[in-house]
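**Q** Just so we're aligned: 53 in UniProt numbering is position 53 of the sequence shown, and the numbers increase by one with no gaps anywhere. No residue lacks a Cβ here, since even glycine has one placed at the ideal position from N, Cα and C. All values derive from a computational prediction rather than experimental measurement.
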Amino acid sequence: MNLSFDDFLKVDVRVGRVTRAEHYPEARKPAIKMWVDFGDDIGERKTSAQVTAHYTPEALVGRQVVAVVNFPPRQIGKFMSEVLVLGLPDENGEVVLLSPDQEVPEGGRMH
1 MNLSFDDFLK
11 VDVRVGRVTR
21 AEHYPEARKP
31 AIKMWVDFGD
41 DIGERKTSAQ
51 VTAHYTPEAL
61 VGRQVVAVVN
71 FPPRQIGKFM
81 SEVLVLGLPD
91 ENGEVVLLSP
101 DQEVPEGGRM
111 H
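Right under this line is the structure:
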């Protein structure tokens, strides 16, 4: 299936900074809960991600990440995930987060 450019523009991908992170022991698979600041227009949103192979909560705080911000919230166990943080699999299938290679303003939209 081909995706039109107009369809692509509907996906709102933004950069944000992790302001808080903690282990999510109640998750079925090891995960970390994150609170991400997307700037004044969007504000802080929370998410859960299975990124424990490469990251600790402490290492995530202050890091810029890329996320889809216009999906509807999704219940992940007892935690409501409001954005989808994006990553790619390493050679073992473990998630490596996407992030800009230099600092950019929070809330910047991918284009």
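Give the DSSP-derived three-state secondary structure of Ala-59 in the structure shown.
**A** Looking at Ala-59 - three-state DSSP - the assignment turns out to be helix.
**Q** Secondary structure at Phe-79, three-state DSSP: helix, strand or coil?
**A** In the structure shown, Phe-79 sits in a strand (DSSP, three-state: E or B).
**Q** Can you tell which of Ala-27, Val-11, Arg-45 and Gly-87 has the C-alpha that lies nearest to the C-alpha of His-54?
**A** Closest by alpha carbon: Gly-87.
**Q** Going by alpha carbons, who is nearest to Thr-19 out of Val-51, Asp-6 and Ala-59?
**A** Per the Cα distances, Ala-59.
**Q** Below 8 angstroms, can you find three or more Cβ-Cβ pairs linking the region 3-11 to the region 43-57?
**A** Contact between the region 3-11 and the region 43-57 is absent, because fewer than three Cβ pairs lie under 8 angstroms.
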